[in-house]
Amino acid sequence: MEERKKKIIAGSLTLVVLAFLCGLYWQNHKETTTAGNLSTQDYTIGVIDLKQAMQAHPRYNDLVKLRKERSTLAAAAAVKTDFNLVNPPPVIDAQAFDDSVKQQSSQQIEENKIKLKQTVLNQKKTLGASVAAQREADLEAVREKYLNVIFNLQLQYDNLKANNEVKQQLAADIEAERQKRNQELDAVNRQYDKKIQQSLQVFIAQKQKEQQAFEAALLQKKQQEAAANRQQAQSRDDQTMKDQAMPFSVDDIMQKNEALNNKDKEITLLEDLINQDIAGIAAKIAITNHLECVFANVEVNIHALDITDDVIKEFQTTRQVTKNE
Numbered sequence: 650m651e652e653r654k655k656k657i658i659a660g661s662l663t664l665v666v667l668a669f670l671c672g673l674y675w676q677n678h679k680e681t682t683t684a685g686n687l688s689t690q691d692y693t694i695g696v697i698d699l700k701q702a703m704q705a706h707p708r709y710n711d712l713v714k715l716r717k718e719r720s721t722l723a724a725a726a727a728v729k730t731d732f733n734l735v736n737p738p739p740v741i742d743a744q745a746f747d748d749s750v751k752q753q754s755s756q757q758i759e760e761n762k763i764k765l766k767q768t769v770l771n772q773k774k775t776l777g778a779s780v781a782a783q784r785e786a787d788l789e790a791v792r793e794k795y796l797n798v799i800f801n802l803q804l805q806y807d808n809l810k811a812n813n814e815v816k817q818q819l820a821a822d823i824e825a826e827r828q829k830r831n832q833e834l835d836a837v838n839r840q841y842d843k844k845i846q847q848s849l850q851v852f853i854a855q856k857q858k859e860q861q862a863f864e865a866a867l868l869q870k871k872q873q874e875a876a877a878n879r880q881q882a883q884s885r886d887d888q889t890m891k892d893q894a895m896p897f898s899v900d901d902i903m904q905k906n907e908a909l910n911n912k913d914k915e916i917t918l919l920e921d922l923i924n925q926d927i928a929g930i931a932a933k934i935a936i937t938n939h940l941e942c943v944f945a946n947v948e949v950n951i952h953a954l955d956i957t958d959d960v961i962k963e964f965q966t967t968r969q970v971t972k973n974e
């Protein structure tokens, strides 16, 4: 690479000196171009498009091939030896997996709680139905107990025509018996309600234990699944990194750099050969046309003879002769 740079710099200096000398000559011998066709004898300066001339050279395709090969080698040599430093392995976001566990667990827990509430309601109905007949029998016994007493008092009350103290007392007695009956009926209902509630509390306590066990088992299961998914994702990413990584040893790097340098030398040698061929043909054409100086890749309009096509024709002739041989 350094050798090629030196040659490029040296070549550039040569062109600069050549351009300077030709510039002085042209400055001292410049003339005004008149309209009409001019013969080659009217020119003392020649110009050439090096790019077109090089592309016409018989070995230009070889140069293109070498340059492509160099690009491939340069890309390979540019790969970092520490792949993980350039592309650090992705880190799995554990929080994302934990959040997913909480979300899935919360949803299933809430669904199970709704089922539990409905189960408790169904159990309450079942317990109520199991004591309904006995409850009704006990209530009926209380009603029977007070039925005759209240009936007789009501009968006595109805037989009294005058609204006197006796009738008022009978009315008070009837009301008192009714209140006692209602109190006993309420007591019977409270007794059965309490019995149902006690049985239901035992049932609820059992279901709550089952719910807690369900939540704990579910959480453990989801955590295990999350851990497995994390591990699977990490393993997948690690494998991807491993597949993509291209570890290079020091020897590999030295070999690639050496191959790159050798390719640069090949390119330089071929470029020099092509330039020498162009220079040789250009010199012959310059002598034939009595040119005193030839500029390459002129960007300004000057009074000069363009010899690019003549150089290209020479290469085409050479290629045809080689092909016939």
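With the first letter of the sequence shown counted as 1, position 100 gets the number 749 in the working numbering; the numbers rise by one all the way through. Cβ atoms here follow ideal geometry from the backbone N, Cα and C, with glycine treated the same way.
Other residues of its chain near residue i: CB distance less than 7 Å, five sequence neighbours each side excluded
| i | result |
| --- | --- |
| L788 | L834 and V837 |
| P707 | F964, T967, R968 and T971 |
| L940 | Y692, T693, I694, G695 and L954 |
| S749 | A875 |
Assigned secondary structure, residue i (DSSP; H/G/I helix, E/B strand, else coil)
| i | result |
| --- | --- |
| A945 | strand |
| I823 | helix |
| Q873 | helix |
| L867 | helix |
| I951 | coil |
| I799 | helix |
| I956 | coil |
Sub-7 Å separation of residue i and residue j beta-carbons
| i | j | result |
| --- | --- | --- |
| I923 | D959 | no |
| K856 | L765 | yes |
| Y841 | V780 | yes |
| A705 | I961 | yes |
| G695 | V947 | no |
| T957 | Q701 | yes |
| L919 | L712 | yes |
| E874 | L715 | no |
| A932 | I697 | no |
| L776 | I853 | no |
| F863 | N771 | no |
| K988 | L849 | Outside the displayed span of the chain (650 to 974) sits residue 988, for which this structure offers no information. |
Cβ neighbours of residue i in the same chain (closer than 8 Å, five flanking residues each side left out)
| i | result |
| --- | --- |
| K858 | none |
| I823 | I799, L802, Q803 and Y806 |
Any non-hydrogen atom of the ligand COA within 6 Å of residue i CB
| i | result |
| --- | --- |
| N801 | The ligand content of the structure shown is nil, which means the ligand COA is not present either. |
Rounded distance between the beta-carbons of residue j and residue i, thought under 8 Å
| i | j | result |
| --- | --- | --- |
| L819 | Y806 | 4 Å |
| I927 | L699 | 7 Å |
| Q756 | L867 | No, Q756 and L867 are not in contact; Cβ-Cβ is about 10 Å, not under 8 Å. |
| E718 | K912 | 6 Å |
| R839 | R792 | Not really, about 17 Å apart at Cβ, beyond 8 Å. |
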